[in-house]
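According to the working numbering, the sequence shown holds residues 471 to 1186 in order.
No residue lacks a Cβ here, since even glycine has one placed at the ideal position from N, Cα and C.
Read the structure below first, then the notes.
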Amino acid sequence: MKGVSKMGERVLVRFADGRFVLAHPATGVFARGFVVVSTEGVYACSLGRKSQFETVSENEGTLTIRWRPKSDFPTFELLFKSDAEVVTLQVKGDGDLQGEVKVHGELFMGSEPYLGRLPEEENYGVFSVAHGPVTSKTAKTLFNRFNDTAVTLPQSEIYHDPSEPPDRYRFVSEGKLGETVFVAKVTTDVIKRHGIRYYAPIDKSIFTHAPTGWCSWYYYYQNITQEEWEKNVKWLAENLRDFGLEWVQLDDGWQLDNGNPKTSGGRDWRGPNEKFSKGMKWVADIVKQHGMKPGIWLIPQKTDSDELFNEHPEWFLRKPDGSPVRIGDWHPRKVESYVVDPTNPDALEYLKQLFHTLAYDWGFDYFKIDNQPEFSRWYDEHADARKVPEIPGSEAYRMTLKAIKEAIGPNKYLLGCYGIPLDGIGYMNGSRTGGDMEASWQGCQVMIRTITRWGFLNNVVWWCDPDTLCVREPLTLGEARIMATLVSLSGQALMTSDKMYELPEERVEILRRVIPTVDIHPMEFYPWDEDVLGRPNILDLKVAKHYGSWDVVAVFNWQEEPTTIYVDFAKLGLPVGDGIRYHVFEFWSKRYDGQFEDGFSVTLPIRTCEVFAIRQALWHPQVISTSRHITQGIVDLLDLVWDATNNELHGSSLLVRNDPYRVYIHVPAGFDFVELVTEPRKSPVTAEVKREGEILVVELLSKENQQVDWVVRFRR
């Protein structure tokens, strides 16, 4: 094997058996490729084992290979140049020989590579995310979250073949003899360079998607009671559980205040106040009895309990004179709290015992721990108040998280709050990424900014939580749909927080269509700061399933007046030209807009959005949308096959009990509907088929949650 290499951080080039291999110390082998040359329509030859190779030169950073495909062919020269980050390939012919060069091959970037963009790449004003191994003509970077590295091929098209494993991406690059036809750049610390000093890849073995649930805070605040808790739990079980709502989280308002139960809530976590007289085990049990999982809020590193401090002063930060360090927050009595000293092993044991009680005596599965971004700073500022002052504040803080995780185990969810506690990465399953919202349009602005600002961390280091989704008034229906659309399509945590049993039906319907969350990862591998990049009018969720691909494109009007926005297919990374056309279907209005070649315009009223499924038009009947979920297929459409021999469209769908499920099928000219056949897995379903212009609407209704296989037969 011929090659060029240098000790240290350098792209390494190897050449053997007619192909080149690229490697880097941070990534290992990341690419393998072949070269094909066509010269003036006479020769079409590719590197292969029977070709004749000769190393012309091999030195620091340069490898030159002389290549003669056959004895009667011209001689070509392959010039690889490599430095710390970049390798380039130039192919030359003898003399003034003209020709075309094609470089193609495979990329190897971990078991779950993400296709996307680095900050220096053009995003065209489109905030892009993805589900599955997607392809986009505007994305030139493949990211490996397991080692925080990326490979960028600026002159190539990176694509995934659905017939291959999801971790197998391919590339192709074309140019002319004498030109640089291939460039590969390795970037290390892709995420860490943005202030993420404790980078660690998310572990999705247990929590495969961001949480979907309900939080008590943004309607009840500290006025939550066990009676209201029970009412909401029962309503959620009846109305949203079957759609995918998993978590029910009790926020601030359950706890004691310095041992006093006659309180709206203090900082004493040893038991509940009088509003929860049935006890905290009852609070958790009633959620489980209704088929969901319970969560609880606290600030574990703080307490307002004088009794606890007096009994164990060594567990807490103390000044050199022995007096306690006390730090305030939004305590209802404006009382400052004692702060746990994590450098004392006994204090860590206290945290473990506290969480053992919460998790295993009371039975909670989800822990929202608040005030977290401040602790690293506080531990630094009060280093002399710690038992071991030499430990950096961030490390001291992480000791508390380590103790908590050891106590609750891997199967229980730990959420950091509020702001964004970046020092919790590696221990937290998820984290809030901004300040508190309010159920008003102005109060939603913090969420909108944080969804794009911190979206590059979602499904990379943890599940981002932009704060709760409220859909009640004074938000207009359009504003509620904007927020539901943005949260759901971003793939970040979706925790609603209204008085659920009083929500109007039209607001409940919004929630049904955006839950559950799904496994969505970023395509922008950097913070999208809207002060620099602007607030995006378009969010593009690219979807790749084994049976097909499509885009779910949300178009937003953030303005105070009606606005027309053009959706350009090329800027979405879709192939255009060569007669390619796309079906466009709007989800919220259930409207088929037709077929388009290059793009389409959307005119939106003030503070509204529309959500489009964009699917490449095929010659045969095809599904263009489904009604169950805003992603229009990810959640509900398990399989889809066109049988060209029998002119049959076969599908398999998940139905929610008593929820009319619609499949929208475009029927090209020359096809006529014959019949619908359904095969429910559990019990009979009712079925109805109706024609709306070019669209055949199949509606199924089941009395229980179940999978239904179906076949739509056509005649030509």
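Delimiting residues of the alpha helix (DSSP H) encompassing residue i
i, result
"Ile980", "975-984"
"Gln823", "815-826"
"Tyr689", "687-690"
"Gln759", "750-759"
"Tyr849", "845-851"
"Lys701", "696-709"
"Arg919", "911-923"
"Asp1001", "1000-1003"
"Asn780", "776-781"
8 angstroms contact criterion, which residue i and residue j should meet: CB distance rounded
i, j, result
"Ile797", "Pro843", "Going by Cβ atoms, the distance from Ile797 to Pro843 rounds to 13 angstroms, so no, they are not a contact pair."
"Glu547", "Arg536", "6 angstroms"
"Val483", "Leu533", "5 angstroms"
"Gly761", "Ala707", "6 angstroms"
"Tyr629", "Thr605", "4 angstroms"
"Val1137", "Pro1091", "5 angstroms"
"Lys838", "Ala877", "Not quite, the Cβ-Cβ distance comes to about 16 angstroms (not below 8 angstroms), so this is no contact."
"Gly863", "Ser846", "5 angstroms"
"Val481", "Ser552", "4 angstroms"
"Tyr883", "Phe677", "6 angstroms"
"Lys1012", "Ala600", "5 angstroms"
"Val1181", "Arg1151", "Their Cβ separation, rounded to whole angstroms, is 15 angstroms, which puts Val1181 and Arg1151 out of contact at 8 angstroms."
"Val596", "Asp1010", "5 angstroms"
Exposure label - residue i; buried when at least 16 CB within 10 Å
i, result
"Ala449", "The structure shown does not extend to residue 449, since the chain spans only 471 to 1186, so no value can be given for it."
"Arg803", "exposed"
"Gln771", "buried"
"Asp1021", "buried"
"Asp566", "exposed"
"Asp487", "exposed"
"Tyr971", "exposed"
"Met477", "The predicted model places Met477 with a pLDDT of 28, which falls under 50 and marks its position as unreliable, so this point remains unresolved."
"Arg1085", "buried"
"Glu949", "buried"
"Trp1089", "exposed"
"Gly575", "buried"
"Asp618", "buried"
"Pro1075", "exposed"
"Met471", "Bear in mind that a pLDDT of 44 at Met471, under 50, signals an unreliable position, so the number given afterwards is only what the model happens to contain. Looking at its Cβ environment, which holds fewer than 16 other Cβ atoms inside 10 Å, Met471 is exposed."
"Thr657", "buried"
"His1016", "exposed"
The ligand COA heavy atom lying under 8 angstroms from the CB of residue i
i, result
"Leu892", "Of the ligands one can find in the structure shown there are none, so the ligand COA has no counterpart to examine."
Option in the options with minimal Cα separation from residue i
i, options, result
"Glu819", "Leu927, Lys875, Trp717, Val941", "Lys875"
"Glu1126", "Lys610, Val1137, Asn709", "Looking at the sequence itself, residue 1126 is Val, so the reference to Glu does not match. Selected option, being the one with the closest Cα: Asn709."
"Glu1169", "Val931, Glu1158, Val1178", "Glu1158"
"Gly894", "Gly565, Gly575, Tyr669, Ala855", "Tyr669"
"Thr955", "Phe1057, Ala855, Asn899, Glu972", "Phe1057"
"Ser508", "Pro495, Glu975, Val573", "Val573"
"Thr497", "Cys515, Gln759, Ala620, Glu716", "Ala620"
"Glu697", "Val753, Tyr688, Ile661", "Val753"
"Asp769", "Ile980, Glu510, Gly886", "One detail in the question is off: residue 769 reads as Ile in this sequence, not Asp. Among Ile980, Glu510, Gly886, the Cα nearest to that of Ile769 is on Gly886."
"Ser541", "Asn529, Asp618, Cys515, Asp755", "Cys515"
"Asp799", "Phe779, Asp774, Glu781, Gly792", "Asp774"
"Trp924", "Ser626, Val651, Arg977, His664", "His664"
"Pro1032", "Leu1011, Cys1079, Val858", "Cys1079"
"Leu1195", "Leu1119, Pro1154, Ser1153", "Within the shown structure, residues of the chain are numbered from 471 to 1186, placing residue 1195 beyond reach of any answer."
"Lys674", "Ile921, Gly729, Asp989, Gly1069", "Asp989"
"Arg1077", "Val571, Gln1102, Gln1029", "Gln1029"
"Phe713", "Trp1180, Gly879, Tyr1131, Arg737", "Tyr1131"
"Ile985", "Ile661, Val1093, His1099, Phe1055", "His1099"
"Val1187", "Gly645, Lys758, Pro544, Leu927", "Because the chain in this structure spans residues 471 to 1186, residue 1187 falls outside the shown range and cannot be described."
"Phe786", "Trp848, Val1002, Ala493", "Trp848"
"Asp659", "Thr946, Asn614, Pro636", "Asn614"
Terminal residues of the beta strand (DSSP E) in which residue i lies
i, result
"Val656", "650-658"
"Lys872", "Counting along the chain, Lys872 falls outside any beta strand (DSSP E), though it belongs to the alpha helix (DSSP H) covering 863-878."
"Thr558", "556-563"
"Asn1027", "1018-1027"
"Glu943", "It is not in any beta strand (DSSP E) - Glu943 carries neither H nor E in the DSSP assignment."
Quick one: any contact between the stretch 852-870 and the stretch 804-822, if contact means 3 or more CB pairs under 8 angstroms?
-> yes
Stretch pair the stretch 630-644 + the stretch 1048-1062: three plus CB contacts closer than 8 angstroms | no
Could you tell me whether the stretch 735-746 touches the stretch 716-726, using the rule of 3 or more Cβ pairs below 8 angstroms?
-> yes
Say whether the stretch 933-941 touches the stretch 959-972, bearing in mind that this needs 3 or more beta-carbon pairs closer than 8 angstroms, one atom from each stretch.
-> yes
Using 8 angstroms as the Cβ pair cut-off and three pairs as the minimum, do the stretch 1060-1076 and the stretch 993-1003 touch?
-> no
Check whether the stretch 681-689 touches the stretch 567-583, counting contact only when three or more Cβ pairs, one atom from each stretch, lie closer than 8 angstroms.
-> no
Cβ pair count under 8 angstroms reaching 3, the stretch 685-704 against the stretch 585-602 | no
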